[in-house]
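Enquirer:
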Amino acid sequence: MNNAIFILTDQPIDIDRLHICTWDLHGKGAFEIGIEFDLREKEDQTDKVEFLLSLPFIGKEDKVLCLARTLLTENSANCK
Numbered sequence: 150m151n152n153a154i155f156i157l158t159d160q161p162i163d164i165d166r167l168h169i170c171t172w173d174l175h176g177k178g179a180f181e182i183g184i185e186f187d188l189r190e191k192e193d194q195t196d197k198v199e200f201l202l203s204l205p206f207i208g209k210e211d212k213v214l215c216l217a218r219t220l221l222t223e224n225s226a227n228c229k
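Residues 150 to 229 in this note's numbering are what the sequence shown spells out, letter by letter.
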């Protein structure tokens, strides 16, 4: 279970795509987790999604940062 990804929510949601990318930032490894939700109008779903993303493989000593902000400051051509 140490390499699992959990998405916990009280509402039904459809996930269109989940992707994981690895990056080499200044010789340090990093990874990106992207989630795309299907928010097309449904009777039981609003345009707001509340969820808890649990990544048990991340430890207290790991640094969590916004990859988009990091890439924008270093090379904006890499970030779309």
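Where is the CB? At the ideal position from N, CA and C, for every residue including glycine.
Among residues of its own chain, excluding the 5 on either side of F200, which ones have a beta-carbon nearer than 8 Å to its beta-carbon?
Expert: Correct list, in chain order: I156, L157, T158 and I162.
Enquirer: Rounded C-beta distance between E185 and I169? I'm assuming under 8 Å.
Expert: 13 Å between Cβ atoms; not a contact.
Enquirer: Helix, strand or coil: how does DSSP classify L216 here?
Expert: Residue state, collapsed to three classes: helix.
Enquirer: Which same chain residues, not among the five before or five after A179, have their C-beta less than 6 Å away from its C-beta?
Expert: Once the five neighbours on either side are set aside, the close Cβ partners of A179 are W172.
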